[in-house]
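Below is one structure, written out as C-alpha cells; comments come after it.
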Amino acid sequence: MKTYSQHSLEVTDLPEIPLWKKADKVDLLYVAYGLFIVLLVVGSYIAGSLKLLPYDPQDIDLNLMMAPPGTTGHVLGTDFMGRDMLSRLIVGIQAYFLPGLLAVFIALYFGTVLGVIAGYRGGLWDTSITYFVNLVDSFPRLVLILLVIAAFKPNIYYIMFVVGLTNVPVVSSLIKNKILFLKEKNFIEADIALGIPLKTIIMKHILWHHCRALLVIQATLGMAEAILIETSLSYLGFGVQEPAASWGNMVQSGANYLMQGKFWPSTAPALAILFTILGFHLLGDGLNNILEGRKKGS
Amino acid sequence: MKFSAIRPIARVLSRELMITAFLLFGVSLVVFIILYLAPGDPFSLLIEGQLLSPEARAGVREALGVPQSWYAQYWAWFWGMLHGNFGTSIRTGLPVLSEVLRVGLNTLILTIGSMLVTLIIAVPIALYSSVRGINKISWPLTMGAYIISAIPVFWLGYIVIYFFMHTLGLFPLAFGYSGGGQKYRWLYPLLPIIVLGVGNGTISEVIRSLRTEMGRVLSEDYIRTARAKGAPIWKHSFKEGFLLPVSGIISAKIPFFLGGAVIVEQIFNWPGMGRMAWQAAQDRDYPIIMGIAILAAVFVRMGSLFQRLLYVAVNPRASKE
Numbered sequence: 057m058k059t060y061s062q063h064s065l066e067v068t069d070l071p072e073i074p075l076w077k078k079a080d081k082v083d084l085l086y087v088a089y090g091l092f093i094v095l096l097v098v099g100s101y102i103a104g105s106l107k108l109l110p111y112d113p114q115d116i117d118l119n120l121m122m123a124p125p126g127t128t129g130h131v132l133g134t135d136f137m138g139r140d141m142l143s144r145l146i147v148g149i150q151a152y153f154l155p156g157l158l159a160v161f162i163a164l165y166f167g168t169v170l171g172v173i174a175g176y177r178g179g180l181w182d183t184s185i186t187y188f189v190n191l192v193d194s195f196p197r198l199v200l201i202l203l204v205i206a207a208f209k210p211n212i213y214y215i216m217f218v219v220g221l222t223n224v225p226v227v228s229s230l231i232k233n234k235i236l237f238l239k240e241k242n243f244i245e246a247d248i249a250l251g252i253p254l255k256t257i258i259m260k261h262i263l264w265h266h267c268r269a270l271l272v273i274q275a276t277l278g279m280a281e282a283i284l285i286e287t288s289l290s291y292l293g294f295g296v297q298e299p300a301a302s303w304g305n306m307v308q309s310g311a312n313y314l315m316q317g318k319f320w321p322s323t324a325p326a327l328a329i330l331f332t333i334l335g336f337h338l339l340g341d342g343l344n345n346i347l348e349g350r351k352k353g354s
Numbered sequence: 009m010k011f012s013a014i015r016p017i018a019r020v021l022s023r024e025l026m027i028t029a030f031l032l033f034g035v036s037l038v039v040f041i042i043l044y045l046a047p048g049d050p051f052s053l054l055i056e057g058q059l060l061s062p063e064a065r066a067g068v069r070e071a072l073g074v075p076q077s078w079y080a081q082y083w084a085w086f087w088g089m090l091h092g093n094f095g096t097s098i099r100t101g102l103p104v105l106s107e108v109l110r111v112g113l114n115t116l117i118l119t120i121g122s123m124l125v126t127l128i129i130a131v132p133i134a135l136y137s138s139v140r141g142i143n144k145i146s147w148p149l150t151m152g153a154y155i156i157s158a159i160p161v162f163w164l165g166y167i168v169i170y171f172f173m174h175t176l177g178l179f180p181l182a183f184g185y186s187g188g189g190q191k192y193r194w195l196y197p198l199l200p201i202i203v204l205g206v207g208n209g210t211i212s213e214v215i216r217s218l219r220t221e222m223g224r225v226l227s228e229d230y231i232r233t234a235r236a237k238g239a240p241i242w243k244h245s246f247k248e249g250f251l252l253p254v255s256g257i258i259s260a261k262i263p264f265f266l267g268g269a270v271i272v273e274q275i276f277n278w279p280g281m282g283r284m285a286w287q288a289a290q291d292r293d294y295p296i297i298m299g300i301a302i303l304a305a306v307f308v309r310m311g312s313l314f315q316r317l318l319y320v321a322v323n324p325r326a327s328k329e
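Sequences listed follow chains P and C, in order. Under the numbering used here, the very last position in the first sequence is 354; numbers go up by exactly one each time. Under the numbering used here, the very last position in the second sequence is 329; numbers go up by exactly one each time.
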C-alpha cells in the first residue's frame with residue numbers, strides 16, 4: 057500500500073519573511089514558467105471560445121498544404137489540408153479544458169472528503185477507505201477508460217469522470233496524512249476544548265489554513281493528467297474526431313505524413329502537449345517545494 | 009536472509025494474500041457493475057439485424073441460459089472465472105482467457121523491459137543529485153528528465169520509427185515483414201520497450217522520489233557514523249535509501265506502464281494486451297476487455313504484493329502494523 061511522506065515546516069520559517077524570498081531561485085523559475093503556461097492556456101481557451109482566431113480552424117486551403125512555420129499569414133504553418141496550425145492549436149484547447157476542470161474537481165472534492173473522514177475519524181472508516189483507494193489503484197487508468205468506452209460511448213465527460221475518480225486516491229492519501237500530522241498539534245486540541253464546531257475546525261482550521269496549498273498543487277498535477285489522457289484518447293481515435301481539432305488527433309493525422317519527411321504537422325501539436333504538461337508539472341513541483349517545505353539537502 | 013526474517017514475511021504474506029483476493033473480488037464487482045449499467049446488452053450484438061419482439065428476446069436469453077437477476081448473473085460470471093472460463097469473445101468467438109494469455113506475455117515483456125529502461129535512466133541521475141545536491145551537472149540532467157517525461161509517448165514512437173526505419177533503414181516496418189534490414193531484426197522489439205520506458209512520464213517521478221528518500225537516508229545519524237568509521241556508505245544506505253523507494257515507486261507505477269503499453273503497442277503493432285484492449289473497445293467486445301481489465305488488475309496487485317513483502321523483509325517491524 058502506498059505511503060506518502062510528509063515533512064514538517066522548519067522552525068526557522070519566520071512568517072514575516074515573504075515566501076518568495078525564502079524560496080529557491082530554481083523553484084521560482086519553475087513556478088514562473090508554469091504560471092506563464094497556465095495563463096497561455098486560459099487566454100487561448102477564452103480566445104478560442106470567443107472565436108478570436110487568426111483563421112477559421114476548418115478553413116481548407118489546398119494551395120497551401122503543410123506550409124512550414126513562418127509562412128506569411130500562417131505563423132505556425134498549416135497542416136495537411138492547408139488549415140491554419142495556430143488556430144487549430146488554440147481550438148484544440150477546448151477539447152480538454154472544461155473536461156479537465158471536471159476531472160480536477162472530482163478528484164479534489166472526493167479526495168478531500170474521503171481524506172478528511174479517514175484522517176479525522178480513523179478506525180473502521182480509515183480501513184474501508186484504504187480498501188476503496190487500493191481498489192481504484194488496481195486498475196490501469198487507460199484500461200478502465202477503454203472499458204467504460206466499450207460499455208457506454210466515447211464521451212469525454214464520462215472519460216474525465218473516470219480520470220477524476222482515479223486521481224482520488226492520491227488526494228485522499230495526502231489529505232489523510234496531513235490531518236494525521238495536524239491532529240497531534242495543540243491547536244486542534246485547543247479548538248475542541250473551546251467548543252468550536254467540528255465544521256469550522258475541519259473546513260477552516262484544517263482545510264483552509266493547512267491544505268489549500270496541497271490542493272492547488274494536486275489541481276495542477278491533475279490537469280496535466282487530464283491533458284495527457286485526453287490527447288492520448290484522441291490519438292487512439294476515441295476522443296475528438298476529425299475535422300474537429302484536438303492536439304491528440306492532430307498528432308495522429310500529422311503522423312501519416314511523417315514518413316514523407318514532413319515533421320511539422322505532427323510535431324507542432326506534440327510540442328504544444330509537451331510544453332503544456334511540462335508547465336503544469338513544474339508549477340506543481342515548484343509550488344510544492346516552496347509552500348510545503350523541502351528538507352535541506354534534497 | 010536470516011531465519012528470523014522468515015516469520016514476519018510469512019505473517020505478512022498470508023495477510024496480504026487475503027487482502028489481494030478481497031481486492032480482486034472488488035475489481036471483478038466494479039467491472040461487472042460498469043457493464044451492468046451500460047445501455048443495451050451484449051445480445052444486441054448477437055442478434056443484430058434481426059427484428060425480434062421483446063418476448064422473442066426473452067426467449068433467446070432463456071435459451072442461452074442467462075440468469076434474470078443481476079447477482080445471479082454476476083455469480084455465474086464470477087464462478088466461471090474462478091474455473092478459468094472468462095467467456096468467449098463476441099468478435100472472434102474464441103475463449104477470452106486463452107486469447108488474452110496468448111498476448112499477455114508480450115505485454116509482460118514490454119512493461120518489464122520498459123521498467124528496466126526507466127530505472128537505467130532515472131537511477132544514476134537520482135543518486136548523483138542526492139549525493140551532490142543541485143549543481144551544474146545534476147540540474148540540466150534533472151531538467152532533461154522532466155522534459156523527456158512530458159513528451160507524449162505517441163509522438164515519440166513515430167519519431168523513433170521514422171529515425172530508425174526511414175533514416176537509418178535498420179528495421180522492417182512491421183512484424184512479419186520480410187523485406188530488407190533482416191540483419192538488425194532482433195533489435196526491433198527493443199524499440200517499443202525503449203520508447204515506453206522513456207516516454208511514459210514516470211522518469212521524473214522516479215528521480216524525485218529516489219532523490220528525496222536517498223537524501224533523507226544520507227542525512228541520518230547512522231550514515232554519519234558509518235562515514236566517520238570509514239565504512240562503505242553505499243552498503244549502509246542501500247536497503248532503505250534505494251531498494252524501498254525504487255520498489256515502491258515501480259509497483260505504484262505499474263498501472264501507468266500498462267496504460268502506456270496500450271498506446272505503444274498501437275504504434276509499433278506489438279501484439280499485446282493493450283492492442284487487444286484497443287481493438288475490443290472499438291468493437292465493443294465486452295468479454296475481452298473485461299478479461300483484460302481483470303488480468304491487468306491481477307498484475308498490478310501482484311506487483312503491490314511483491315513490494316509489500318520486500319518492505320517487510322527489509323523492515324520486519326512493519327509486519328506488526
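From the three backbone atoms N, C-alpha and C, an ideal C-beta is built for every residue, glycine too. Small disclaimer: the values here were computed from a predicted structure and weren't measured.
Specify, as a first and last residue, the run of the alpha helix (DSSP H) that residue i falls within.
{"i": "threonine 295 (chain C)", "result": "Strictly speaking, residue 295 (chain C) in this sequence is proline, with threonine absent from that position. Here the alpha helix (DSSP H) through proline 295 (chain C) covers 294 to 322."}
{"i": "lysine 243 (chain C)", "result": "241 to 246"}
{"i": "tryptophan 320 (chain P)", "result": "320 to 347"}
{"i": "leucine 298 (chain P)", "result": "In the sequence on display, residue 298 (chain P) carries glutamate and not leucine. First-last for glutamate 298 (chain P): undefined, no H or E at that position."}
{"i": "alanine 159 (chain P)", "result": "141 to 172"}
{"i": "glutamine 308 (chain P)", "result": "303 to 311"}
{"i": "tyrosine 79 (chain C)", "result": "78 to 90"}
{"i": "leucine 204 (chain C)", "result": "198 to 207"}
{"i": "arginine 325 (chain C)", "result": "Where arginine 325 (chain C) is concerned, there is no enclosing alpha helix (DSSP H), given that its DSSP letter is neither H nor E."}
{"i": "tryptophan 147 (chain C)", "result": "146 to 158"}
Leaving aside the five residues before and after residue i along the sequence, list all residues of the same chain whose C-beta is less than 8 angstroms from its C-beta, in chain order.
{"i": "arginine 235 (chain C)", "result": "Ile241"}
{"i": "glutamate 24 (chain C)", "result": "Leu313, Arg316 and Leu317"}
{"i": "tryptophan 78 (chain C)", "result": "Tyr44"}
So is residue i buried or exposed if we call it buried at 16+ other beta carbons inside 10 Å?
{"i": "asparagine 323 (chain C)", "result": "exposed"}
{"i": "tyrosine 44 (chain C)", "result": "exposed"}
{"i": "glycine 187 (chain C)", "result": "Here the model assigns glycine 187 (chain C) a pLDDT of 49, short of 50, so the residue's position is not dependable, and the following value carries that caveat. Glycine 187 (chain C) comes out exposed."}
{"i": "tyrosine 213 (chain P)", "result": "exposed"}
{"i": "valine 98 (chain P)", "result": "exposed"}
{"i": "tyrosine 196 (chain C)", "result": "buried"}
At the 8 angstroms Cβ level, is residue i part of the contact set with chain C, yes or no?
{"i": "methionine 306 (chain P)", "result": "no"}
{"i": "isoleucine 329 (chain P)", "result": "yes"}
{"i": "asparagine 345 (chain P)", "result": "no"}
{"i": "isoleucine 333 (chain P)", "result": "yes"}
{"i": "leucine 277 (chain P)", "result": "no"}
{"i": "alanine 174 (chain P)", "result": "no"}
{"i": "alanine 311 (chain P)", "result": "yes"}
Are any of the Cβ atoms in chain P nearer than 8 angstroms to that of residue i?
{"i": "alanine 134 (chain C)", "result": "no"}
{"i": "tyrosine 294 (chain C)", "result": "yes"}
{"i": "histidine 174 (chain C)", "result": "yes"}
{"i": "glycine 267 (chain C)", "result": "yes"}
{"i": "glycine 187 (chain C)", "result": "Here glycine 187 (chain C) scores only 49 on pLDDT, less than 50, and its place in the model is too uncertain to base an answer on."}
{"i": "leucine 21 (chain C)", "result": "no"}
{"i": "tyrosine 154 (chain C)", "result": "yes"}
{"i": "glutamine 274 (chain C)", "result": "yes"}
Quick one: which chain P residues come within Cβ less than 9 angstroms of residue i?
{"i": "isoleucine 3 (chain C)", "result": "Because chain C here runs from 9 to 329, residue 3 (chain C) falls outside it and cannot be looked at."}
{"i": "leucine 43 (chain C)", "result": "Leu203, Ala206 and Ala207"}
Take residue i and list the residues in its own chain whose beta-carbon comes closer than 6 angstroms to its own, dropping the five residues that flank it on each side.
{"i": "glycine 310 (chain P)", "result": "Pro321 and Ser322"}
{"i": "glycine 314 (chain C)", "result": "Per the sequence shown, the amino acid found at residue 314 (chain C) is phenylalanine instead of glycine. Around phenylalanine 314 (chain C): no qualifying Cβ."}
{"i": "isoleucine 173 (chain P)", "result": "Trp181"}
{"i": "isoleucine 329 (chain P)", "result": "Thr287 and Trp303"}
Using a cut-off of 8 angstroms between C-beta atoms, extract the partners of residue i located in chain C.
{"i": "phenylalanine 16 (chain P)", "result": "Since the first residue of chain P shown is 57 and the last is 354, residue 16 (chain P) is not available in this structure."}
{"i": "valine 296 (chain P)", "result": "Residues of chain C passing the Cβ test: none, with the nearest at roughly 15 angstroms."}
{"i": "serine 322 (chain P)", "result": "Trp163 and Tyr166"}
{"i": "leucine 191 (chain P)", "result": "Leu31, Gly34, Val35 and Val38"}
{"i": "histidine 337 (chain P)", "result": "Tyr154, Ser157, Ala158 and Ser212"}
List, in chain order, every chain P residue whose beta-carbon is nearer than 7 angstroms to that of residue i.
{"i": "phenylalanine 162 (chain C)", "result": "Ser288, Tyr291 and Val307"}
{"i": "isoleucine 159 (chain C)", "result": "Leu330"}
{"i": "tyrosine 170 (chain C)", "result": "Leu314 and Met315"}
How would you list, in chain order, the residues of chain P whose beta-carbon sits under 8 angstroms from the beta-carbon of residue i?
{"i": "proline 47 (chain C)", "result": "Phe208"}
{"i": "tryptophan 286 (chain C)", "result": "Leu202 and Leu292"}
Run through chain C and tell me which residues come within less than 7 angstroms of residue i, C-beta to C-beta.
{"i": "valine 224 (chain P)", "result": "Those do not exist, as valine 224 (chain P) stays about 14 angstroms from chain C at its closest Cβ, beyond 7 angstroms."}
Could you name the residues of the same chain whose beta carbon sits closer than 7 angstroms to that of residue i, not counting the 5 residues immediately before and after it, in chain order?
{"i": "isoleucine 211 (chain C)", "result": "Thr126, Ile129, Ala130, Ala153, Ile156 and Ser157"}
{"i": "phenylalanine 86 (chain C)", "result": "Ser36"}
{"i": "serine 97 (chain C)", "result": "Val104, Glu107, Asp293, Pro295 and Ile296"}
Measure from the C-beta of residue i to each C-beta in chain D and report whether the shortest distance is under 8 angstroms.
{"i": "alanine 289 (chain C)", "result": "Within the model displayed, chain D is absent; protein chains P and C are what it includes."}
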